[in-house]
Every structure is written in structure tokens, then in C-alpha cells.
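Quick notes on the structure that follows.
Numbering (my numbering), first residue to last: 1 to 300.
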């Protein structure tokens with residue numbers, strides 16, 4: 001037989017092979033496919049020539065797969081199974097539209113997740129896919145429909161809705177507070193710092209807080225530094241030190257008593273959080289509901 005062709009056979013030819021292999025008869029395959037036996041026989045012959053190997057042994061009662069035919073049938077069956085699965089998934093997508101929301105990880109885990117069950121009540125017919133990322137979202141290369149961002153400068157061309165301006169205040173775990181007297185905790189307890197890189201200048205730090213409080217910054221003491229807000233919050237809950245926690249992101253920990261406010265003085269962040277989207281997202285089913293829902297959460 002000629003050398004194997006790099007081109008894929010036509011799907012109709014592969015289907016004829018699959019049906020003939022399963023039925024063990026070209027005539028029965030022809031009847032099921034509404035073709036003539038001669039047409040099926042020609043398709044099988046073309047397939048064998050293209051693959052460069054015999055797939056069937058002809059017998060008096062029909063056809064029998066060769067070892068190569070058995071191996072090829074395994075791949076063909078797997079490929080058709082994948083196609084059927086894809087078709088079912090497409091039906092699901094058509095039946096249940098989906099919106100994809102990208103967000104900064106800390107906002108996703110500490111602000112959105114505690115309220116995520118409300119989305120199903122708010123909009124029961126639209127699936128919501130939530131992705132956490134610090135990277136700039138490319139709406140042409142990802143399935144993103146919306147993004148929650150810090151400030152509006154990163155997406156100047158997108159439509160936006162202001163969500164909220166957060167503030168920070170000093171908090172600690174009850175276990176840590178038990179280790180210090182009420183008057184000494186701010187002077188002696190370890191401090192937890194957040195390193196936001198270039199965005200750090202928009203986040204009040206301990207130095208600015210002590211200055212606003214009219215206190216001298218404590219002498220150098222043991223400290224922890226994290227580049228992820230969620231890690232810093234978890235560290236504070238574990239009793240590692242004092243944290244200037246974002247009020248919106250520690251509300252669940254405050255409500256549970258995992259964190260306690262050490263001093264009432266709070267400082268605002270220098271930029272608010274925004275919801276941003278390209279114009280095409282407004283045509284997606286449920287987009288208005290998502291914009292309204294996040295607006296309601298932001299105003300709670």
C-alpha cells in the first residue's frame with residue numbers, strides 16, 4: 001500500500017469505518033448509513049490507501065478487523081466520544097449562559113466568595129465563573145467579560161463602574177492581644193507589612209498610620225511582610241502580628257471574632273476599586289444583573 005498520508009480522512013469516511021467495524025459487515029453499515037454497499041466499500045478502500053494499511057479482512061459472512069484496524073478503531077472511538085462530549089457541553093452552554101469575572105485574588109476570596117451564593121438568588125439563569133489574577137487582563141485572549149481592578153488607570157479604554165474606596169485599620173487576633181497589655185500592643189507587637197510593589201504607594205502603611213495617630217513609629221521590631229493581602233490576613237488571624245487590614249476584606253474575620261480592632265483610626269486607600277468591561281460584554285445575558293449585583297454589594 002502507498003505511504004501513509006498526513007492528511008486526515010473525511011469524517012464521513014471515518015464514520016463508515018467505525019460503523020462497519022462495529023457491525024462486522026459493509027452491507028449492514030451501508031443500510032445504517034443510508035449508502036450503497038459499493039459506496040461504503042469504496043470509502044473503506046480509500047481509507048486503507050490513505051492510512052497505508054489494511055483495516056479489514058473480508059470473510060464470507062462480512063468483514064473482520066486486522067490488528068491495525070483494531071488499533072485505529074480505538075482512536076476513532078475515543079475521538080467520536082470527545083465530539084459527543086463537546087456537543088453535550090455546547091448544549092449546556094446554550095441552555096445556561098455564563099459570565100466570566102476576573103478579580104484581584106484577595107477581593108475574590110475575601111469579598112466576593114462570602115457573598116457568592118447571593119448570585120444564584122439574584123440571577124438563577126446565568127452561570128458565573130470567577131478567576132483570581134494580579135495580571136493585566138487581555139479581553140481578546142481570555143474568556144473574561146468583566147474585571148474588578150484597583151483604580152481606573154489600568155483599563156483606560158474600558159467602561160467602568162466605581163465600586164468602593166476601602167480603608168485600613170489596625171487589627172489583631174484575640175490570642176495576640178492576650179500576650180500584651182492594652183497600652184503596649186502598638187509599641188511591642190510584631191507588625192505585618194504588605195508589599196504591593198508599584199501599587200504600594202496607594203496603600204497606607206504603618207509609618208503613615210502612626211503619623212496620623214500622632215505617635216512615634218516604634219523601634220525596629222520583628223515583622224512579617226507579604227505580597228498577597230489574603231496571606232497577610234491569614235497571618236494576622238494566626239496571631240503573627242498586627243495588621244493594617246482593609247475593612248472590606250476582613251469583615252468576615254471581624255464578624256467571627258477571628259480579628260479584633262485595636263484602634264478606631266482608619267486611613268483610606270488612595271484609589272477606589274472599579275468594575276471594568278469592554279462594550280461587547282453589555283450584550284451578554286446577565287451582564288446588567290452582574291453590574292447591579294456588584295454595585296449593591298459595594299454599597300452594603
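No residue lacks a Cβ here, since even glycine has one placed at the ideal position from N, Cα and C.
Grab the span of the alpha helix (DSSP H) containing residue 234 for me, first residue to last.
229–237
Separation of residue 29 from residue 60, as counted between CA atoms
16 Å
Opposing strand residues paired with residue 170 [DSSP bridges]
244
Which term fits residue 286, buried or exposed, when burial requires 16 or more other beta carbons within 10 angstroms of its beta carbon?
buried
Smallest Cα separation from residue 258: which of 182, 235, 279 and 270?
235
Consult DSSP for residue 28 and reduce its assignment to one of helix, strand or coil.
helix
Enumerated in chain order, which unbroken segments of the beta strand (DSSP E) with a length of 3 residues or greater are wholly contained in the segment 123–174?
127–132, 146–150, 159–164 and 167–172
Assign residue 100 to one of three DSSP states: helix, strand, or coil.
strand
Work out the CA separation of residue 43 and residue 357 for me, nearest whole Å.
Examination of residue 357 is not possible in this model, given that the chain is present from 1 through 300 alone.
Which listed residue (18, 244, 204 and 187) has its alpha carbon closest to that of residue 219
187
Can you tell me whether residue 276 is helix, strand or coil according to DSSP?
strand
Alpha carbon of residue 21 to alpha carbon of residue 126, nearest angstrom:
43 Å
If you drop the 5 nearest sequence neighbours on each side, which residues of the same chain put their C-beta closer than 8 Å to that of residue 263?
169, 170, 186 and 213
The segment 100–120 in contact with the segment 248–256 per 3-pair CB rule at 8 Å
yes
Is residue 85 buried or exposed, if buried means 16 or more other CB atoms sit within 10 Å of its CB?
exposed
Is it true that the CB of residue 98 sits closer than 8 Å to the CB of residue 274?
no
In the DSSP output, which residue or residues are listed as bridge partners for residue 224?
192
Taking the DSSP output, what are the residues bridged to residue 268?
167
Taking the Cβ atom as the reference point for each residue, do residue 294 and residue 241 lie within a distance shorter than 8 Å?
no
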